[in-house]
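Engineer: Attaching a single structure in C-alpha cells format; questions to follow.
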Amino acid sequence: MKIAILDDYQDAFRKQKAVAKLAGHEIVAFTDTEKDPARLADRLKDANALVLTQQRSSFPRAVIERLPNLKVICQTGSGTAHIDVAACSERGVAVCAAGSGRSNSTAELTWGLILCSLRKLPFEVKQLREGKWQSTVGVEVRDKTLGIYALGKIGGIVAAVGKAFGMRVVCWGRETTKKRAAEAGYEFAASREAFFSECDVISLHLPLNKDTRGIVKVADLKRMKPTALFVNPSRMGLVADGALVEALKSGRPGLAATDVYEEEPVVGANHALLKMDNVVCTPHLGYVTEEGYHNFYTTIIDELAAFAAGNPINVVNADALKK
Numbered sequence: 217m218k219i220a221i222l223d224d225y226q227d228a229f230r231k232q233k234a235v236a237k238l239a240g241h242e243i244v245a246f247t248d249t250e251k252d253p254a255r256l257a258d259r260l261k262d263a264n265a266l267v268l269t270q271q272r273s274s275f276p277r278a279v280i281e282r283l284p285n286l287k288v289i290c291q292t293g294s295g296t297a298h299i300d301v302a303a304c305s306e307r308g309v310a311v312c313a314a315g316s317g318r319s320n321s322t323a324e325l326t327w328g329l330i331l332c333s334l335r336k337l338p339f340e341v342k343q344l345r346e347g348k349w350q351s352t353v354g355v356e357v358r359d360k361t362l363g364i365y366a367l368g369k370i371g372g373i374v375a376a377v378g379k380a381f382g383m384r385v386v387c388w389g390r391e392t393t394k395k396r397a398a399e400a401g402y403e404f405a406a407s408r409e410a411f412f413s414e415c416d417v418i419s420l421h422l423p424l425n426k427d428t429r430g431i432v433k434v435a436d437l438k439r440m441k442p443t444a445l446f447v448n449p450s451r452m453g454l455v456a457d458g459a460l461v462e463a464l465k466s467g468r469p470g471l472a473a474t475d476v477y478e479e480e481p482v483v484g485a486n487h488a489l490l491k492m493d494n495v496v497c498t499p500h501l502g503y504v505t506e507e508g509y510h511n512f513y514t515t516i517i518d519e520l521a522a523f524a525a526g527n528p529i530n531v532v533n534a535d536a537l538k539k
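Numbering-wise, this note's numbering puts 237 at position 21 of the sequence shown, and it's gapless, one number per residue.
If you want it as C-alpha cells, here you go:
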C-alpha cells in the first residue's frame, strides 16, 4: 500500500518503533497542512491509505470522491465528525478509529497554562531575556475556586491536581458530570450563572459536536470575575464566535489561556488572541508528547497492518467492507 501521513508536523509517525510492522509498504509523510480541497485531493490521489491525526484536516465528500485509489482511512482517537463517513462507505473506503489520547498529556498542559497565566511566566521569561528582573506579582491557586466544565477523564485529572493544590473544586455540565462530581466529593454549581461568576479559574473539557458547538456564550464569560482565568485546552468551537475576545476586551474575565483555535494551524501570528497581553497561547500541544504520539500511532500501525493482511480492525463503517 501507499500510505500517506497527513499533518505530521514533527514527522513523528515514521519515528515509531512499531512502524517496522509496515515494512514493504510505501510511507509518505506530509509535515504541513493543506487546506485547499482541490490541492489536498491532488496531493493524495495515489494514496491507498491515509493516517489522520485528530482533526487537523477535514475530509468531506468533495475530497473523498477525488481519491480513486483510497481504501482505508485510519484516524487517531475515536472522533470522525470531520470525515464524511457515508461518502467513504459508498466508495468502499473503510474508516478505522479507536480509543483516545492519553488524558495525562492534555491535563498536564492544562495545568501548565493555568500556572503560566497566574504567575505570568511567559512575560517574566521575556523580561529576563531583555535584562529586566521581576516585573509582576502572581497569585497562588490555593484557596481559589477551580471550575471544571465537564468532568471526564481529562477534567478529572485537572480537578484532582487542583484539589491537591488546596483549591475548592466546582463542576458544571450534564448529569454525568453531576454524578461524577458527587462520587469524587466535588461540588456541583447551583446554576450556570453561579458557576461562571464564582470560579477563579474555569477549565473547559467538553468534546466538540453539534450539541456543544458554541455552548459557551459571551454572556457566560462576562459573568466571570475581572481577576478570573478562562482556560480552553479542548476546542475553540465550544466558544461562540468572537465571544472570548469580546469578553476579554470588556475586562471579564481578566485572563485567558488557550491551546486551540477556530482554524488551525495559526500561521503568521494572525489571531486576535495572540495580540492580547492577558492571554497565554500555545499551538495545540495538548496531546503532543512522546507518549501521546506513541499511544496514537501504535494503534494506527496495527490497524494498517491488519487491513493489509485482510483482517481489518476498529472499522466504524463495516458496510464499506462489503463493496
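Where is the CB? At the ideal position from N, CA and C, for every residue including glycine.
#1: Do D475 and L325 have their C-beta atoms closer together than 8 angstroms?
#2: Say whether chain D places a C-beta atom closer than 8 angstroms to the C-beta of L260.
#3: In terms of alpha-carbon separation, which member of K237, F246, I330 and K251 lies closest to V482?
#4: Pull up the distance between the alpha-carbon of K465 and that of W388, whole angstroms please.
#5: Within 10 angstroms of the Cβ of R439, are there 16 or more other Cβ atoms? Answer buried if so, exposed if not.
#6: Could you tell me which uninterrupted alpha helix (DSSP H) segments, each at least 4 residues in length, are contained entirely in the stretch 410-454, listed from first to last along the chain?
#7: When we look at the beta-carbon of P499 and count the other beta-carbons within 10 Å, is it buried (16 or more) or exposed?
#8: In three-state terms, what does DSSP make of I280?
#9: Can you tell me the Cα-Cα spacing of V495 and R358, whole angstroms?
#10: So S321 packs on G293, CB below 8 angstroms; how close in whole Å?
#11: Taking only runs that begin and end inside the stretch 226-250, name each unbroken alpha helix (DSSP H) of 4 or more residues, in chain order.
#12: For the putative contact between L286 and A263, defined by C-beta atoms under 8 angstroms, what is the C-beta separation to the nearest angstrom?
#13: Nearest to D248 by alpha carbon, out of V301, E480 and A524?
#14: Quick one: grab the DSSP three-state call for D260.
#15: Which residues in the same chain have their Cβ closer than 6 angstroms to the Cβ of R429, if we skip the five residues on either side of it in sequence?
#16: What does DSSP give as the partner residues of V267 in its beta bridges?
#17: Can you list, in chain order, the residues of its chain with a C-beta nearer than 6 angstroms to that of A318? Leave out the 5 residues immediately preceding and following it.
#18: Determine, using beta-carbon pairs with one atom in the stretch 266-281 and one in the stretch 289-306, whether at least three such pairs fall under 8 angstroms.
#19: Among S413, D224, I517 and K369, which one has its Cα closest to the Cα of R468?
#20: I'd like the list of long-range same chain contacts for K379, defined as Cβ closer than 7 angstroms, with 5 residues on each side in sequence excluded.
#21: With Y503 as the anchor, note down where its alpha helix (DSSP H) starts and where it stops.
#22: Which same chain residues end up closer than 6 angstroms to K418 when comparing Cβ atoms and leaving out the 5 residues on each side of it in sequence?
#23: Quickly, what does DSSP pair W388 with across the bridge? List them, please.
#24: Identify which residue in F523, A536, V341 and A463 has its Cα closest to the Cα of K237.
#25: Out of L331, D427, R259 and P253, point me to the one whose CA is closest to A245's CA.
Structural biologist: With the given structure in hand:
#1: yes
#2: The structure shown contains no chain D; it holds only a single protein chain.
#3: K251
#4: 25 angstroms
#5: buried
#6: 434-438
#7: exposed
#8: Shown here, I280 sits in a helix according to DSSP, grouped into three states.
#9: 21 angstroms
#10: At roughly 12 angstroms, the Cβ-Cβ gap does not stay under 8 angstroms, so S321 and G293 are not in contact.
#11: none
#12: 6 angstroms
#13: Ranking the options by Cα distance to D248, first place goes to E480.
#14: A small fix is needed here, since residue 260 is Leu in this sequence, not Asp. Coil, per DSSP.
#15: G453
#16: Paired residue(s): I221 and C290.
#17: It is worth fixing the name first, because residue 318 is Arg in this sequence and not Ala. Closer than 6 angstroms at the Cβ level, and outside the excluded window around R318, lie E507, G508 and N511.
#18: Yes, since at least three Cβ pairs between the stretch 266-281 and the stretch 289-306 fall closer than 8 angstroms, the two stretches touch.
#19: S413
#20: V385
#21: That residue, Y503, is in no alpha helix (DSSP H); it is neither H nor E in DSSP.
#22: What sits at residue 418 in the sequence shown is Ile, not Lys. Excluding residues within five positions, the ones whose Cβ falls inside 6 angstroms are G363 and F446.
#23: Y365
#24: F523
#25: R259
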